[in-house]
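Enquirer: Below you will find the structure I want to go over with you.
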Amino acid sequence: MLAADKLLLQGEVKQRSISLREKELKLFNSNFSAVGTQSAIMAGFTLTSFVEIDLPQDRHFSKSVLHFFITTSICLNFICVSMVTFVTVWGSGKALRGRDGSMDYAVDHMNHERTFIFACFAVGVLSTLGCLLGAAWVLMEDEVATLTRILTNLDPP
(Lines of atoms letter the chains of each structure in order from A; the text may use other names.)
(Lines give C-alpha, C1' and ligand atoms only; values in the text may rest on other atoms or scores of the structure.)
Protein backbone atom coordinates (compact mmCIF):
# COMPACT_ATOMS: atom_id res chain seq x y z
CA MET A 0 0.00 0.00 0.00
CA LEU A 1 2.81 2.39 0.84
CA ALA A 2 4.56 1.72 -2.49
CA ALA A 3 1.33 2.41 -4.39
CA ASP A 4 0.87 5.72 -2.53
CA LYS A 5 4.43 6.65 -3.35
CA LEU A 6 3.92 5.94 -7.06
CA LEU A 7 0.66 7.90 -7.04
CA LEU A 8 2.35 10.86 -5.38
CA GLN A 9 5.23 10.78 -7.87
CA GLY A 10 2.77 10.71 -10.76
CA GLU A 11 0.86 13.69 -9.37
CA VAL A 12 4.07 15.68 -8.87
CA LYS A 13 5.19 14.92 -12.40
CA GLN A 14 1.77 15.88 -13.79
CA ARG A 15 1.78 19.20 -11.92
CA SER A 16 5.33 19.90 -13.06
CA ILE A 17 4.37 19.31 -16.68
CA SER A 18 1.29 21.49 -16.23
CA LEU A 19 3.46 24.32 -14.90
CA ARG A 20 5.94 23.92 -17.76
CA GLU A 21 3.05 23.99 -20.23
CA LYS A 22 2.01 27.37 -18.82
CA GLU A 23 5.59 28.61 -19.27
CA LEU A 24 5.56 27.33 -22.86
CA LYS A 25 2.33 29.20 -23.59
CA LEU A 26 3.73 32.35 -21.98
CA PHE A 27 6.89 32.19 -24.11
CA ASN A 28 4.86 31.57 -27.26
CA SER A 29 2.56 34.53 -26.61
CA ASN A 30 5.45 36.86 -25.70
CA PHE A 31 7.50 35.78 -28.70
CA SER A 32 4.48 36.15 -30.96
CA ALA A 33 3.94 39.75 -29.82
CA VAL A 34 7.63 40.62 -30.26
CA GLY A 35 7.82 38.91 -33.65
CA THR A 36 4.74 40.70 -34.92
CA GLN A 37 6.06 44.11 -33.88
CA SER A 38 9.47 43.38 -35.41
CA ALA A 39 7.86 42.36 -38.70
CA ILE A 40 5.82 45.56 -38.77
CA MET A 41 8.86 47.73 -38.03
CA ALA A 42 10.94 45.94 -40.67
CA GLY A 43 8.17 46.47 -43.20
CA PHE A 44 7.85 50.16 -42.39
CA THR A 45 11.61 50.64 -42.56
CA LEU A 46 11.91 48.79 -45.86
CA THR A 47 9.01 50.72 -47.37
CA SER A 48 10.42 54.06 -46.26
CA PHE A 49 13.82 53.12 -47.67
CA VAL A 50 12.32 52.32 -51.06
CA GLU A 51 9.97 55.30 -51.17
CA ILE A 52 12.20 58.09 -49.84
CA ASP A 53 13.85 60.49 -52.29
CA LEU A 54 17.17 61.59 -50.88
CA PRO A 55 18.89 64.84 -51.83
CA GLN A 56 22.29 64.48 -53.45
CA ASP A 57 24.16 67.04 -51.34
CA ARG A 58 23.83 65.47 -47.87
CA HIS A 59 26.39 62.68 -47.90
CA PHE A 60 27.09 62.25 -44.19
CA SER A 61 23.45 62.40 -43.09
CA LYS A 62 22.51 59.94 -45.85
CA SER A 63 25.21 57.58 -44.56
CA VAL A 64 23.77 57.79 -41.04
CA LEU A 65 20.27 57.15 -42.40
CA HIS A 66 21.46 54.16 -44.42
CA PHE A 67 23.27 52.75 -41.38
CA PHE A 68 20.12 52.91 -39.26
CA ILE A 69 17.95 51.52 -42.07
CA THR A 70 20.27 48.56 -42.59
CA THR A 71 20.59 47.91 -38.87
CA SER A 72 16.82 48.15 -38.33
CA ILE A 73 15.92 45.82 -41.19
CA CYS A 74 18.58 43.24 -40.31
CA LEU A 75 17.86 43.10 -36.58
CA ASN A 76 14.11 43.06 -37.04
CA PHE A 77 14.37 40.24 -39.59
CA ILE A 78 16.69 38.31 -37.27
CA CYS A 79 14.18 38.79 -34.47
CA VAL A 80 11.29 37.56 -36.64
CA SER A 81 13.23 34.53 -37.87
CA MET A 82 14.41 33.59 -34.38
CA VAL A 83 10.89 33.94 -32.98
CA THR A 84 9.55 31.73 -35.77
CA PHE A 85 12.24 29.12 -35.29
CA VAL A 86 12.03 29.04 -31.49
CA THR A 87 8.24 28.87 -31.28
CA VAL A 88 7.93 26.18 -33.95
CA TRP A 89 10.83 24.12 -32.64
CA GLY A 90 10.01 24.61 -28.96
CA SER A 91 6.34 23.72 -29.25
CA GLY A 92 7.07 20.71 -31.43
CA LYS A 93 9.81 19.45 -29.14
CA ALA A 94 7.71 19.98 -26.01
CA LEU A 95 4.63 18.22 -27.33
CA ARG A 96 6.12 15.42 -29.44
CA GLY A 97 9.46 14.74 -27.79
CA ARG A 98 10.52 12.01 -25.44
CA ASP A 99 10.03 12.02 -21.70
CA GLY A 100 11.58 15.20 -20.27
CA SER A 101 11.39 17.08 -23.56
CA MET A 102 8.99 19.66 -22.11
CA ASP A 103 11.65 20.75 -19.61
CA TYR A 104 14.33 20.75 -22.31
CA ALA A 105 12.24 22.84 -24.72
CA VAL A 106 11.12 25.40 -22.12
CA ASP A 107 14.65 25.79 -20.73
CA HIS A 108 16.09 26.41 -24.20
CA MET A 109 13.29 28.82 -25.10
CA ASN A 110 14.11 30.71 -21.92
CA HIS A 111 17.76 30.76 -22.97
CA GLU A 112 16.92 32.21 -26.42
CA ARG A 113 14.63 34.83 -24.86
CA THR A 114 17.56 37.13 -24.04
CA PHE A 115 18.84 37.15 -27.62
CA ILE A 116 15.36 37.69 -29.08
CA PHE A 117 14.55 40.59 -26.76
CA ALA A 118 17.99 42.15 -27.35
CA CYS A 119 17.45 42.02 -31.13
CA PHE A 120 14.00 43.53 -30.64
CA ALA A 121 15.31 46.34 -28.43
CA VAL A 122 18.14 47.29 -30.77
CA GLY A 123 15.73 47.00 -33.71
CA VAL A 124 13.35 49.47 -32.03
CA LEU A 125 16.22 51.87 -31.34
CA SER A 126 17.42 51.52 -34.93
CA THR A 127 13.93 52.28 -36.22
CA LEU A 128 13.93 55.44 -34.09
CA GLY A 129 17.36 56.23 -35.52
CA CYS A 130 15.82 55.90 -39.00
CA LEU A 131 13.22 58.49 -38.09
CA LEU A 132 15.84 60.88 -36.75
CA GLY A 133 18.07 60.26 -39.78
CA ALA A 134 15.19 60.90 -42.17
CA ALA A 135 14.39 64.12 -40.34
CA TRP A 136 18.03 65.14 -40.62
CA VAL A 137 18.20 64.38 -44.34
CA LEU A 138 14.83 65.65 -45.51
CA MET A 139 14.10 68.66 -43.33
CA GLU A 140 15.72 72.07 -43.39
CA ASP A 141 18.55 72.38 -40.88
CA GLU A 142 16.60 74.52 -38.41
CA VAL A 143 13.54 72.26 -38.38
CA ALA A 144 15.69 69.12 -38.16
CA THR A 145 17.58 70.54 -35.17
CA LEU A 146 14.34 71.45 -33.43
CA THR A 147 12.94 67.99 -34.13
CA ARG A 148 16.04 66.29 -32.72
CA ILE A 149 15.86 68.44 -29.58
CA LEU A 150 12.15 67.73 -29.07
CA THR A 151 12.53 63.97 -29.57
CA ASN A 152 15.29 63.84 -26.97
CA LEU A 153 13.26 65.56 -24.26
CA ASP A 154 11.94 63.33 -21.49
CA PRO A 155 8.15 63.30 -21.15
CA PRO A 156 6.79 64.87 -17.92
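Residue numbers (numbering that gives the first Met the number 0): 0 to 156.
Glycine residues also receive a C-beta, built at the ideal position from the N, C-alpha and C atoms.
(1) Alpha carbon to alpha carbon, how far is lysine 62 from threonine 84? Give it in angstroms, no decimals.
(2) What's the C-alpha gap between phenylalanine 49 and threonine 114?
(3) Please report how far the alpha carbon of glutamate 51 lies from the alpha carbon of serine 38, in whole angstroms.
(4) Could you check if methionine 82 is buried or exposed, using at least 16 other CB atoms within 10 Å of its CB as the buried criterion?
(5) Count the other CB atoms, across all protein chains shown, that sit within 10 Å of the CB of serine 126; report buried if there are 16 or more and exposed otherwise.
(6) Output yes or no for whether 8 Å exceeds the beta carbon distance between glycine 159 and valine 80.
(7) When you compare each of Ile73, Lys25, Val64 and Leu7 to leucine 95 by their alpha carbons, which one comes out closest?
Expert: The structure says:
(1) Computed Cα separation, rounded: 33 Å.
(2) Distance between the alpha carbons of phenylalanine 49 and threonine 114: 29 Å.
(3) Distance between glutamate 51 and serine 38, taken at the CA atoms: about 20 Å.
(4) With a threshold of 16 other beta carbon atoms within 10 Å, methionine 82 meets it and is buried.
(5) In the assembly as shown, serine 126 is a buried residue. Its beta-carbon has 16 or more other beta-carbons within 10 Å.
(6) Lying before the first or after the last residue shown, residue 159 is absent from the chain, which here runs from 0 to 156.
(7) Comparing Cα positions, the closest option is Lys25.
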